[in-house]
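Below is one structure, written out as structure tokens; comments come after it.
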Amino acid sequence: MNDENIKLAKIKKSCHLGKIAARIFCIIGIVGCVCGLIVGIGMFVKAETLEPQMQRLVDDGKITPSRDFIGSVQMFNIDGIDPEDWESDIPAVQEALDNHPYTIIYGTYALMAGGVLAVLAVLMSIISGTFGLIEKEDTPFTDKVIKRVTIVMGVISGLMLVSASAAFGIVGALVTWVVYNIMDYGKTLQIQSDETL
Numbered sequence: 558m559n560d561e562n563i564k565l566a567k568i569k570k571s572c573h574l575g576k577i578a579a580r581i582f583c584i585i586g587i588v589g590c591v592c593g594l595i596v597g598i599g600m601f602v603k604a605e606t607l608e609p610q611m612q613r614l615v616d617d618g619k620i621t622p623s624r625d626f627i628g629s630v631q632m633f634n635i636d637g638i639d640p641e642d643w644e645s646d647i648p649a650v651q652e653a654l655d656n657h658p659y660t661i662i663y664g665t666y667a668l669m670a671g672g673v674l675a676v677l678a679v680l681m682s683i684i685s686g687t688f689g690l691i692e693k694e695d696t697p698f699t700d701k702v703i704k705r706v707t708i709v710m711g712v713i714s715g716l717m718l719v720s721a722s723a724a725f726g727i728v729g730a731l732v733t734w735v736v737y738n739i740m741d742y743g744k745t746l747q748i749q750s751d752e753t754l
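Taking this note's numbering, I'd label the letters of the sequence shown as residues 558 to 754.
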């Protein structure tokens, strides 16, 4: 086995491991999304029953909304969990916030967490598919692979721009551009190598 085949075998092995890891994270994202949706919807549906219990936890100091703590664990790094800070122009929403503030607020956070985990699951599924594509191809420098890697990195950069900050999004876009150029150059070298054989 020559040096080129050994390197290709290493790439395929690492892509196989990456595919498995991405699938595991996809499953974790799906399970977390379902749990977030169940908890969020359950808090809305059972608000009448849960609100007195939530109020009792707040009164006992087990939930500290102003510091975003539940027990001794910091749950959220989001300002505004204090029900006095939440209001709505929609009368039905404002009535729900007045009658069941803690269940509505924490239920909303659970639904938001479920949404974030759904996006993570979809992204991990796409990444797993990309690793699978690279694993199946004879070389990682095909148009199909380059296009898929560029799309995945572009989506990740866009998510970083929206969720983290503009700086992370810009750095992600630059890295995407650099990786695209490297892979395009690799494709050119691969074509030249194939033509000399």
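Using N, Cα and C, we set each Cβ at its ideal position, and we do this for glycine too.
Computed from a predicted structure; not experimentally measured.
Legend entry - Cβ-Cβ distance between A675 and M600 below 8 Å: no
Inset, instruction - Would you mind sorting G671 into buried or exposed? The rule is 16 or more other CB atoms within 10 Å of its CB. - result: buried
Legend entry - Sequence-distant residues of the same chain with beta carbon closer than 8 Å to T660, five excluded per side: M600, F601, K603, A604, L607, E608 and M611
Inset, instruction - Starting from the Cα of L565, find the closest Cα among L594, G597 and I691 and give me that residue. - result: I691
Legend entry - Between the CA atoms of V712 and R613 - distance to the nearest angstrom: 43 Å
Legend entry - Cβ-heavy atom distance, R613 to the ligand FAD, below 7 Å: Among the components modelled here there is no ligand, and therefore nothing to report on the ligand FAD.
Inset, instruction - Below 7 Å CB to CB, which residues in the same chain sit around C572 once its five sequence neighbours on both sides are set aside? - result: F688, I691 and E692
Inset, instruction - Rounded to whole angstroms, what's the CA-CA distance from I585 to N656? Just pull it up for me. - result: 34 Å
Legend entry - the region 709 to 729 touching the region 739 to 749, judged by at least three CB pairs closer than 8 Å: no
Legend entry - Under 8 Å between C-beta atoms of V732 and M717: no
Inset, instruction - Measure the CB-CB distance between I684 and M740 and report whether it falls below 8 Å. - result: no
Inset, instruction - Return helix, strand or coil for N523, following the three-state DSSP convention. - result: This structure cannot settle anything about residue 523, because the visible part of the chain is limited to 558 through 754.
Inset, instruction - Report, in whole angstroms, the separation of the C-beta atoms of I568 and P697, which I expect to be a contact under 8 Å. - result: 6 Å
Inset, instruction - Select from V706, L677 and S722 the residue whose C-alpha is nearest the C-alpha of V735. - result: V706
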